[in-house]
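In case it helps, full-length UniProt numbering puts the sequence shown at residues 1 to 341. Even for Gly, the Cβ is constructed at its ideal location relative to N, Cα and C.
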Amino acid sequence: MDSDDSYVLLSEEQLIYIITIPLSTSIILANLVIILGISWNRQLHNTPNYFFLSLLVADLCTGVALPFIPLMGLNRHLSFSSCLVAHVFPNFLFLAFLFNLVMVHYERYICIIDPLHYSNLWMHRSFPLTLLVVWTPALLYASLPAFGWNNWTGSDFNSCCESTQNLTAFSNCLANTTSCCSYRRVFPNAFIFLEVYGLVLPAILAIAAMTGHVLWITRGQLKDICRLHRSVERGSQASDQEQKLNLRYTRCVVAVSLTFLACWVPYLIYMHVSIALVVSDPKRSSTTHIVLSCTGIGSMAVVPIVLGLANRQYTEPALKLLQKLRDRWRPRTQASEEATV
Numbered sequence: 001m002d003s004d005d006s007y008v009l010l011s012e013e014q015l016i017y018i019i020t021i022p023l024s025t026s027i028i029l030a031n032l033v034i035i036l037g038i039s040w041n042r043q044l045h046n047t048p049n050y051f052f053l054s055l056l057v058a059d060l061c062t063g064v065a066l067p068f069i070p071l072m073g074l075n076r077h078l079s080f081s082s083c084l085v086a087h088v089f090p091n092f093l094f095l096a097f098l099f100n101l102v103m104v105h106y107e108r109y110i111c112i113i114d115p116l117h118y119s120n121l122w123m124h125r126s127f128p129l130t131l132l133v134v135w136t137p138a139l140l141y142a143s144l145p146a147f148g149w150n151n152w153t154g155s156d157f158n159s160c161c162e163s164t165q166n167l168t169a170f171s172n173c174l175a176n177t178t179s180c181c182s183y184r185r186v187f188p189n190a191f192i193f194l195e196v197y198g199l200v201l202p203a204i205l206a207i208a209a210m211t212g213h214v215l216w217i218t219r220g221q222l223k224d225i226c227r228l229h230r231s232v233e234r235g236s237q238a239s240d241q242e243q244k245l246n247l248r249y250t251r252c253v254v255a256v257s258l259t260f261l262a263c264w265v266p267y268l269i270y271m272h273v274s275i276a277l278v279v280s281d282p283k284r285s286s287t288t289h290i291v292l293s294c295t296g297i298g299s300m301a302v303v304p305i306v307l308g309l310a311n312r313q314y315t316e317p318a319l320k321l322l323q324k325l326r327d328r329w330r331p332r333t334q335a336s337e338e339a340t341v
């Protein structure tokens, strides 16, 4: 690489760190607060919360790996083993997070549509097996490049070198091609297409379908409750109680819609932009793509945090701790104010 290429690479890495470090820190701290809240409350020690705890652990790991995921789009000089680890491990954490998210939504979906057989669900009877079903496929698929499904010696093995503009730097790069690390050398196009359209997109659609079905069921039950309430009250107009129920349902729909727009839409945009770049111009990398990758993956990792913060039982220990600190701080501030007066 010449000095211009090194400067561009350094500026792109700095941009990635500037965007991802605050997101990563916030995701890690929020997950730790919810994990500690579940761990301290013995009433929450049950199978459904263990599933959610597994999701929080996967989300925490995704927060740790968040700065390294956008770095996959950059050309770096790493050895073969280091290049595999830098690409396989973050991809495994991302897939594990996604599979855990589907598992949690499925478990809660079954709880709503079939509550009578909920306790006999196979996920409840064998919790360790469920964890293996969630974590093992993610590890196996992410590790396929390490077992030979890669382009390390393929037709694009010198794609990193082709991005250099200086003839001398290009010759030096070709003489040391094993140190040129890029996601194009680790992940073949077939691997990327299979992961996006065979794993990621179906998982997102499954989550959206389960959430939509739950809202539809809730709407039907709400209508039945309002109908029974009117028959008991013998009134033709909606009462205050019915209006409160309708308002609460509307708030729920708005919250779910805003969560989907804020957390999933940025990632869907990033995913399709990435596929378009792979198909049209695989050597192209831009600031816009870096920003989309950082914000898209970061916003998706916020979904478990939103689910956790919506449950007061998860955040109650942290709120009590903050209240104790505030109560201890008030007498000190009052004493200092009196002393100054």
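- According to the DSSP assignment, residue 81 belongs to the alpha helix (DSSP H) that extends over 80-113.
- Boundaries cannot be given for residue 74, as no alpha helix (DSSP H) includes it and DSSP labels it neither H nor E.
- Here residue 309 has 315 as same chain residues with Cβ atoms under 7 Å from its own Cβ, once five neighbours each way along the sequence are excluded.
- Distance from the CA of residue 214 to the CA of residue 221, rounded to the nearest whole angstrom, comes to 11 Å.
- For residue 148, no alpha helix (DSSP H) run applies, since DSSP gives it neither H nor E.
- Cβ contact annotation for residue 131 (same chain, cutoff 7 Å, sequence separation greater than five): 54, in chain order.
- Boundaries of the alpha helix (DSSP H) around residue 141: 127-142.
- If the five residues before and after residue 36 are omitted, its C-beta is found closer than 7 Å to the C-beta atoms of 317, all from its own chain and listed in chain order.
- DSSP places residue 243 in the uninterrupted alpha helix (DSSP H) bounded by 240-259.
- Closest by C-alpha distance to residue 22, out of 319, 300, 294 and 312, is 294.
- By DSSP's assignment, residue 181 forms a beta bridge with 76.
- Nearest to residue 101 by alpha-carbon distance, out of 49, 65, 147 and 43, is 49.
- With a contact defined as Cβ atoms closer than 8 Å, residue 304 and residue 56 qualify at about 6 Å.
- Boundaries of the alpha helix (DSSP H) harbouring residue 63: 47-65, taken from the DSSP string.
- For the options 190, 45, 287 and 86, the alpha carbon positioned closest to that of residue 65 is the one of 86.
- In the structure shown, residue 289 falls within a helical segment according to DSSP collapsed to helix, strand and coil.
- Non-local C-beta neighbours of residue 139 in its own chain, meaning closer than 6 Å and more than five positions away in sequence, comprise 92, ordered along the chain.
- Residue burial annotation: residue 128 is exposed, with fewer than 16 other C-beta atoms found within 10 angstroms of its C-beta.
- Counting along the chain, no alpha helix (DSSP H) covers residue 310, and no H or E run does either.
- Inclusion of residue 313 and residue 44 in the CB contact set at 8 Å is warranted, their separation being smaller than that value.
- 109 is the residue among 229, 61, 42 and 109 whose C-alpha sits nearest the C-alpha of residue 218.
- At a Cβ-Cβ threshold of 8 Å, residue 71 and residue 28 do not count as neighbours.
- With a cutoff of 8 Å on beta-carbon distance, residue 210 and residue 124 are scored as not near each other.
- Going by beta carbons, residue 18 and residue 297 fall outside the 8 Å limit.
- One alpha carbon belongs to residue 263, the other to residue 273, and they sit about 17 Å apart.
- For residue 193 and residue 275, the gap between their C-alpha atoms comes out near 8 Å.
- Going by DSSP, residue 194 is part of the alpha helix (DSSP H) stretching over 189-195.
- Residues 305 of the same chain have their beta carbon placed closer than 6 Å to that of residue 30, with the five preceding and five following residues left out of the count.
- Residue 181 and residue 80 have their C-alpha atoms roughly 8 Å apart.
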